[in-house]
Amino acid sequence: MKTDKATEIEAKLAQLLSPQRFKHALGVAELAVELAFKYNINQAKAYLAGLLHDYARDFTDEQLLFWGQQAGLIRFNVEKQIPMLLHGPVGAWMAARDFVINDQEVLDAITYHTTGRPSMKPLEQLIYIVDVIEPSRQFPCVEELRQEFTNEICLNRSTELFLVRSLIYNIKKGLVIHPLTVEAINWLREGNINIK
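The sequence shown begins at 1353 in my numbering and counts up one residue at a time.
Below is the structure:
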């Protein structure tokens, strides 16, 4: 579901993002809308969050650190070590600034689409998952992930599965784990979930 504002933002993003990044953003937005109905999530918000989730993803590490510091967005040491982890928070901050996005649900979905967090709302969970499985993504086991999400009825269970897979991947690669990812998994496992 595209609003006039989303159409306007889409046209601007086509000029600002790399062609590959723009294709991915559109894929996330369109798949998010398609799946939003299943989980009773506002489709217009799903489209907007999907469209803007990677607004700052093409930034260099230096740019992400600069804007992260300027806007006071750096909360964890891991974000200084791996500045790419800031592309969600920086992208949300810039979306608010550049496109006057003031819907907190949309901004949170952009902010946490890479790390997750405890108390994730359904829109955040949807964008977190759809970012991984949108149609242009091609990597080993992506079809398995798509099938798992398609077959799973509970959004919270899917989110937990995807967070755990991300955690395992990062451990195998020897990467630092963002604390919010661990906290999100623990939150879901402790039963503090709003089952949809």
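Note that beta-carbon positions come from the ideal geometry of N, C-alpha and C, so glycine has one too.
Item: Measure the Cβ-Cβ separation of E1500 and L1519 and say whether it is below 8 Å.; Value: no
Item: Mapping the DSSP letters down to three states, classify F1411 as helix, strand or coil.; Value: coil
Item: Under 8 Å, do A1536 and G1468 count as touching if we go by C-beta distance?; Value: yes
Item: What's the C-alpha gap between D1410 and R1373?; Value: 8 Å
Item: Can you name the start and end residues of the alpha helix (DSSP H) that Y1480 belongs to?; Value: 1474-1485
Item: In terms of alpha-carbon separation, which member of N1503, K1357, V1528, F1418 lies closest to V1430?; Value: V1528
Item: Can you grab the Cα-Cα spacing for the pair L1369 / N1503, in whole Å?; Value: 33 Å
Item: So, for P1470: in the same chain, excluding its five sequence neighbours on each side, which residues have a beta-carbon less than 8 Å away from its beta-carbon?; Value: L1532, E1535, A1536, N1538, W1539, N1544
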